[in-house]
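K.L.:
Have a look at this one.
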Amino acid sequence: MIMRLMLLGFLVFSLAFQGAVAATSECEECKTIVDLLQFEWGEKKTEECVMEIAVFICETFHIEDNDVCNFIISDFSDEFMYVISKILVTPHQLCGLLMKNNCGDFVDPLATIWNMTIPGNQPAYVPKQIVPAGNPTLRALHLTDLHVDMFYTPGMEAQCDTPQCCRPQDMNVEIVENYQSAVKEPAGPWGNVGSCDTPYWLLTNMLQHIANTAGQLDYVMVSGDLVSHTVWAYTPETHSFMVRNLSDTIRSYFPNTPVYFAVGNHEGVPVDNIAPHFTPKKYHMDWLYKTMSDSWKGWIPEDQEKTLEYNGCYMKKIYDGLRMISLNNVYGDRINFWLYINQTDPDGTLQWLINQLQDAENAGDKVHIVAHIPGSDSEALEGYALNYYKIINRFTNTVVGQFFGHTHSEQFYMMYSNPDDYKSTPNNVVYSAPSVTPYSDFFPAYRIYTIDGVHSGSTYQVIDYEEWYFNLTSNNANPTNVKWEQLYKSANAEYGLKGQTPDEYNQMIERMKTNDDLFNRYYENRYRRTIYDGRAPCSDQQCRNGYLCDARQFHQTNQLCTDLEGGMIKPKDSKKKYSARFVTSQEKRRGKEECKI
Ligand SMILES: *[C@@H]1O[C@H](CO)[C@@H](O)[C@H](O)[C@H]1NC(C)=O
Ligand SMILES: *[C@@H]1O[C@H](CO)[C@@H](O)[C@H](O)[C@H]1NC(C)=O
Ligand SMILES: *[C@@H]1O[C@H](CO)[C@@H](O)[C@H](O)[C@H]1NC(C)=O
Ligand SMILES: *[C@@H]1O[C@H](CO)[C@@H](O)[C@H](O)[C@H]1NC(C)=O
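For the sequence shown, the residue numbers in mature numbering (1 follows the signal peptide of the UniProt record, and there is no 0) are -22 to -1, 1 to 575.
What follows is the structure, given as structure tokens:
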């Protein structure tokens, strides 16, 4: 601490001195810090203490929106050091990495675009039509972002300083906190909006409610993120336990219904980190994929277990003419630090996807994809997202359903025949289902799709869907008599859609520009909360444009929003960043006293 103050004092002095001569950029300041620390520790020590230097720089410059800064102050120094040793040649490059565009001498590997080879012979485009009535249908339950916290405890502080509240704070992490002080907001009996995850009993209450009321369900999709946000305490053991427990829990409520999971970013240990096979063996994810393959027995064909155990993906022919593909797209996650070494189609999952789609096209089958991270999310890599987009566009006639999660919000994304032109043909819709967890800004919810069923010439397109939610305001106030309520019975009726086609959704975006009632409905449903539950309204055009733009962007480009003034600014849900006190506790835990700045 003393050292830090001395250094800071010296730094401020030297910068003030330099500043008199020429304006110094933050980049130069950063390099000065690295030089100073290097001088203090000598060459070897700098390498050993690179974590601490990085944290110091992140804090000094208040860099909060840099993934790297968020990443390094979580608990994975080993992995970070391995990656850093592979990509950094000089200490100064650390500044380039942390300062992004401001510091010239580091080529951000995450900004690079690589190209998959897209197969030729694309069949003539067939626009998706509204599904005619009168044929058999399927009903599919979509759950996502369960984020179950087995240690959720009613009455505990809901406004704590770690990424996970509503639970005893002294668990798994040495945090010094004064619990004598009054609890600012006690965790509700059934869950809490904010930095709190799903109590196990809320999950089972939901599953019981679905089992009691939903009637016949043909299958279930779970698009990832099973574990809580206690990122500092992630281990292969905790994750394996949760994969087994939640798979078994869901199975116990739906013993005769197949369940199709996808891998979420929180399944990684450390969070977001799914190590590809080019890393040393000790980092491989074999343990996760093996646990999944064991826990999902009977749901996954035996001939797919090898793929699942290699990269967390699989394909199943679920009906005559319909295939389900579970794609592990954490291989395209920008906080997946291994990808800083090489982000080109890690473990060949996109090539595998292409092969699967080609095979389905050859057979005349339709495909549904269940996956976790949407391509436009700030946690997605543009290189990966754009390749995925192009692959789906090539097989646009074959891919008739995409079921994602991750954002916790319920929303949809358009796909266009030209990924950079919203006036080109809208050819697919991606569903982002509502989370079970209330984490950050939401009421728990689930969705049930009605899908064109098994009959000759089935489109296997979604026909409509219904949605149910759990009002935490009213249920926590009356905890012995809780209920799940229908948010809406028909998305088509709710939004005035003639059907679930890309055209209809694209027109809905246009209508929302001026139709306040329609937009507000979409906006409230997105959170499953109203202003009476503390959700701020989105009343000006710029705010609205942000949401409309979001619906158009399935990869990271501003070109799809040129008619939406202000819409370039993505609406941000308040995802909590790791706080400084959290860092301190991490440092204490690691006990690397010799590196303390
Ligand atoms: C990838 O393709 C784009 C055109 O779609 C091209 O501009 C770019 O140079 C290609 N990148 C590489 C690394 O081949
Ligand atoms: C899951 O874990 C909870 C909490 O430990 C336990 O009560 C429950 O019985 C477990 N469920 C299954 C199916 O293993
Ligand atoms: C990155 O991975 C791809 C795909 O495995 C491989 O073809 C390429 O050679 C790798 N690049 C480097 C620089 O190692
Ligand atoms: C939840 O319940 C509260 C209290 O009854 C009510 O004011 C609020 O509008 C409800 N929210 C939703 C989304 O139904």
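Quick reminder that beta carbons are idealized off the backbone N, C-alpha and C, glycines included.
For M293, name the three-state secondary structure that DSSP assigns.
P.N.:
Looking at M293 - three-state DSSP - the assignment turns out to be strand.
K.L.:
Could you name the residues of the same chain whose beta carbon sits closer than 7 Å to that of L(-15), not counting the 5 residues immediately before and after it, in chain order?
P.N.:
The predicted position of L(-15) is uncertain, since its pLDDT is 49 and thus under 50; no value can be drawn from it.
K.L.:
For G246, tell me which candidate among G383, N190, M270, V308 has the shortest Cα-Cα distance.
P.N.:
Nearest of G383, N190, M270, V308 to G246, Cα basis: V308.
K.L.:
If you draw a straight line from the C-alpha of H386 to the C-alpha of D13, how long is it?
P.N.:
Spanning the two alpha carbons is a distance of roughly 43 Å.
K.L.:
For G133, tell me which candidate among H125, R145, T122 has the shortest Cα-Cα distance.
P.N.:
With distances taken between Cα atoms, G133 lies closest to R145.
K.L.:
Per DSSP, what kind of secondary structure is M220 in: helix, strand or coil?
P.N.:
In the structure shown, M220 sits in a helix (DSSP, three-state: H, G or I).
K.L.:
Got a sec, what are the start and stop residues for the alpha helix (DSSP H) Q485 sits in?
P.N.:
From DSSP, the alpha helix (DSSP H) with Q485 extends over 480 to 492.
K.L.:
What do you reckon, are the CB atoms on D127 and D203 nearer than 8 Å?
P.N.:
Contact flag unset, no.
K.L.:
Would you call the stretch 421 to 437 and the stretch 101 to 115 in contact, with 3 or more CB pairs under 8 Å?
P.N.:
Counting Cβ pairs under 8 Å, three or more are found: they touch.
K.L.:
CB of N371 to nearest heavy atom of ligand 1: below 7 Å?
P.N.:
No, since every heavy atom of ligand 1 falls outside the 7 Å radius drawn around the Cβ of N371.
K.L.:
Tell me which residue opens and which closes the beta strand (DSSP E) that L300 is part of.
P.N.:
Counting along the chain, the beta strand (DSSP E) containing L300 begins and ends at 300 to 304.
K.L.:
Let me confirm a value: Y424 is counted as buried when at least 16 other C-beta atoms fall within 10 Å, else exposed. Which label applies?
P.N.:
With 16 or more Cβ atoms within 10 Å of its Cβ, Y424 is classed as buried.
K.L.:
Rounded to whole angstroms, what is the Cα-Cα separation between Y505 and V161?
P.N.:
Near 26 Å, if we compare the C-alpha coordinates of V161 and Y505.
K.L.:
Could you compute how far the alpha carbon of M29 sits from the alpha carbon of S63?
P.N.:
Spanning the two alpha carbons is a distance of roughly 12 Å.
K.L.:
Note down the Cα distance separating L119 from L75, rounded to an integer number of angstroms.
P.N.:
So the two alpha carbons sit approximately 42 Å from each other.
K.L.:
Any residue with its C-beta under 7 Å from a non-hydrogen atom of ligand 1 counts. Can you list them all in chain order?
P.N.:
Qualifying residues come out as I91, W92, N93.
K.L.:
Examine ligand 4 and report whether any of its heavy atoms sits within less than 7 Å of the Cβ of R507.
P.N.:
True, at least one ligand heavy atom lies under 7 Å from that Cβ.
K.L.:
Using DSSP with H/G/I as helix, E/B as strand and the rest coil, what is V460?
P.N.:
DSSP places V460 in coil when its eight states are reduced to three.
K.L.:
How would you write the range of the alpha helix (DSSP H) that W265 sits in, first residue to last?
P.N.:
Here the alpha helix (DSSP H) through W265 covers 264 to 273.
K.L.:
Apart from the five residues on each side of it in sequence, which residues of its chain come closer than 8 Å, Cβ to Cβ, to R117?
P.N.:
So the list reads A192, G193, Q194, L195, D196, I426, Y427, T428, I429, once near-sequence residues are dropped.
K.L.:
Which residue's Cα is closest to the Cα of residue 588: D323, G342, N405, L305?
P.N.:
Past the boundaries of the shown model lies residue 588; the chain is included only from -22 to 575, so the question cannot be answered.
K.L.:
Rounding to the nearest angstrom, what Cα-Cα distance links H187 and V61 in this structure?
P.N.:
Answer to the nearest angstrom: the Cα atoms are 46 Å apart.
K.L.:
Helix, strand or coil for M199 per DSSP?
P.N.:
DSSP places M199 in strand when its eight states are reduced to three.
K.L.:
For P226, is the beta carbon positioned less than 7 Å from some heavy atom of ligand 2?
P.N.:
The sequence given here has Asp at residue 226, not Pro. Checking every heavy atom of ligand 2 against the Cβ of D226, one is found closer than 7 Å.
K.L.:
Does K401 come out as helix, strand or coil in the three-state DSSP assignment?
P.N.:
Coil, per DSSP.
K.L.:
Quick check on D494: buried or exposed, where buried means 16 or more other Cβ atoms within 10 Å of its Cβ?
P.N.:
So D494 ends up on the exposed side.
K.L.:
With distances taken between CB atoms, is the gap from P422 to M199 smaller than 8 Å?
P.N.:
For P422 and M199, no; Cβs fall outside 8 Å.
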